[in-house]
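Undergrad:
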Amino acid sequence: MSAELNALMLKFAEKISESPDLAYVQEKCNEFLGKIDANRQLSAASLFSLTNPFFLPDVGDDVVARLSFNLDQFSELLMRAKLSAARAKQPNILVACAPKSASTFISGTLKRSMNLPGGNLMAATLYMQTIYAMGIGLREQETDELALIRYGLNQRGYVAQHHVRATPYLCRQLKTYNIMPIVTYRNLFDSIVSLDDMFRKARRAGSTGNPSVDYFLDALPDRYHEMEDEPRLTALVHLQAHWFLQFYLSWKKCERMGFVKPLWVSYEKDFLNDKPGLAERMAAYVGPDYLDAAKLAEAFADTETAKGERLNKGVAGRGASMPESVRKLILEIAEPYRAEEDLSELVGD
Numbered sequence: 005m006s007a008e009l010n011a012l013m014l015k016f017a018e019k020i021s022e023s024p025d026l027a028y029v030q031e032k033c034n035e036f037l038g039k040i041d042a043n044r045q046l047s048a049a050s051l052f053s054l055t056n057p058f059f060l061p062d063v064g065d066d067v068v069a070r071l072s073f074n075l076d077q078f079s080e081l082l083m084r085a086k087l088s089a090a091r092a093k094q095p096n097i098l099v100a101c102a103p104k105s106a107s108t109f110i111s112g113t114l115k116r117s118m119n120l121p122g123g124n125l126m127a128a129t130l131y132m133q134t135i136y137a138m139g140i141g142l143r144e145q146e147t148d149e150l151a152l153i154r155y156g157l158n159q160r161g162y163v164a165q166h167h168v169r170a171t172p173y174l175c176r177q178l179k180t181y182n183i184m185p186i187v188t189y190r191n192l193f194d195s196i197v198s199l200d201d202m203f204r205k206a207r208r209a210g211s212t213g214n215p216s217v218d219y220f221l222d223a224l225p226d227r228y229h230e231m232e233d234e235p236r237l238t239a240l241v242h243l244q245a246h247w248f249l250q251f252y253l254s255w256k257k258c259e260r261m262g263f264v265k266p267l268w269v270s271y272e273k274d275f276l277n278d279k280p281g282l283a284e285r286m287a288a289y290v291g292p293d294y295l296d297a298a299k300l301a302e303a304f305a306d307t308e309t310a311k312g313e314r315l316n317k318g319v320a321g322r323g324a325s326m327p328e329s330v331r332k333l334i335l336e337i338a339e340p341y342r343a344e345e346d347l348s349e350l351v352g353d
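The sequence shown begins at 5 in the numbering used here and counts up by one.
1. How many angstroms separate the CA atom of K115 from the CA atom of L9?
2. Pull up the DSSP beta-bridge partners for I183, would you.
3. Comparing alpha-carbon positions, which option in S117, E144, A151 and L249 lies nearest Y131?
4. What's the gap between the Cα of N119 and the Cα of G38?
5. Just the C-alpha distance for Y219 and H246, rounded to the nearest angstrom, thanks.
6. Helix, strand or coil for S88, going by three-state DSSP, please let me know.
7. With C-beta atoms as the reference, is W255 less than 8 Å away from A338?
8. Does the distance from the C-beta atom of A85 to that of L199 stay below 8 Å?
9. In three-state terms, what does DSSP make of Q165?
10. Please say whether P24 and A128 have beta carbons closer to each other than 8 Å?
11. Does the stretch 54-63 touch the stretch 17-35, meaning 3 or more C-beta pairs lie closer than 8 Å?
12. Please state whether DSSP places M5 in a helix, a strand or coil.
13. Are the beta-carbon atoms belonging to Q145 and E22 less than 8 Å from one another?
14. Starting from V269, trace the alpha helix (DSSP H) in both directions and tell me its first and last residue.
15. Would the beta-carbon of L253 fall within 8 Å of that of E344?
16. Going by alpha carbons, who is nearest to L142 out of L14, D222 and V168?
17. Taking one C-beta from the stretch 177-191 and one from the stretch 257-277 each time, how about it: are there three or more such pairs within less than 8 Å?
18. From P235 to S329, what does the alpha carbon distance come to, in whole angstroms?
19. Which residue marks the beginning of the alpha helix (DSSP H) containing D200, and which one marks its end?
20. Under the three-state reduction of DSSP, which class applies to T188: helix, strand or coil?
Here you go:
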């Protein structure tokens with residue numbers, strides 16, 4: 005019965021994970037708790053709290069008193085959890101990615117090749133869809149300490165994929181929890197056009213059916229998909245180009261300062277033109293005990309799977325079609341940084 009209940013709890017947790025209605029989640033979770041044996045209620049409530057970061061069981065003050073612990077106890081438990089996660093022998097990978105750099109396909113291929121689960125390092129929840137249903141879309145995809153611990157204790161490892169800029173603080177977290185960063189990037193002109201294509205498709209489809217809610221997914225005007233090319237792309241560049249440059253520069257600067265040694269993956273040079281070589285580099289970086297280069301190369305060649313993993317057109321040169329004024333704006337934004345870093349792979353010479 006215990007195994008059956010565990011399966012039922014997980015199925016229920018996944019079912020409620022996509023609901024943004026906190027009152028509904030609270031009601032259904034408490035109903036579930038009321039129907040199971042008292043000796044399993046604590047583990048079930050813990051699971052539901054991990055599924056939805058805002059769920060707390062509806063219990064009386066007497067139960068709260070029995071479950072409570074003080075700051076000293078919390079400090080000890082946290083230290084023990086951090087130590088256990090830091091010493092765990094498992095492959096932990098972060099695909100730190102510029103948008104539209106084939107990162108979804110790359111991370112998916114790594115998960116399949118290594119038989120690893122995905123990791124959501126933005127919040128300590130079981131399911132990625134939960135935090136997006138809760139409206140996290142516009143928040144910077146910074147790592148959450150509890151999430152690092154939670155995934156560091158799964159006894160398997162994981163592949164996480166986040167649009168996250170490097171900071172010395174983040175790099176120290178990666179070192180503490182033995183996380184290997186793979187940084188993916190792409191020509192900025194092509195990235196903007198590909199990103200525009202994705203946003204227009206999502207807006208036409210009505211991501212949530214509610215324009216006000218959709219704003220918290222992309223920060224774009226409600227009628228973005230109906231705008232003419234030049235003003236639409238200009239708006240997107242103003243919104244995104246600075247971040248793309250900061251992303252690239254932040255990882256380069258942290259690497260130069262000795263905080264991190266990422267594996268760099270170019271969309272054009274590596275992903276499009278040398279997948280076998282990329283597979284070899286990734287296997288060497290992650291370690292042959294965890295990743296087989298031949299198996300990864302075979303997975304990279306699976307173009308059918310790519311269609312289901314947001315690999316848009318999978319070509320270079322899409323930015324050539326953008327209006328000259330938009331291209332000029334990108335170059336103007338990049339110009340002040342040229343003295344600090346070689347940006348030729350992003351915006352040309």
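C-beta: ideal position from N, C-alpha, C; glycine also.
TA: Taking the structure as given:
1. The C-alpha of K115 lies about 28 Å from the C-alpha of L9.
2. N96
3. A151
4. 36 Å
5. 19 Å
6. helix
7. No. Outside cutoff.
8. no
9. Reduced to three states, the DSSP call for Q165 is strand.
10. No, the Cβ-Cβ distance between A128 and P24 is not below 8 Å.
11. Touching, per the Cβ criterion.
12. Note that M5 scores a pLDDT of 47, beneath 50, so its modelled location is shaky; the value from the coordinates is reported in the next line. DSSP places M5 in coil when its eight states are reduced to three.
13. no
14. Run containing V269: none in the alpha helix (DSSP H); it sits in the beta strand (DSSP E), L267 to S270.
15. yes
16. D222
17. yes
18. For P235 and S329, the gap between their C-alpha atoms comes out near 10 Å.
19. L192 to A209
20. strand
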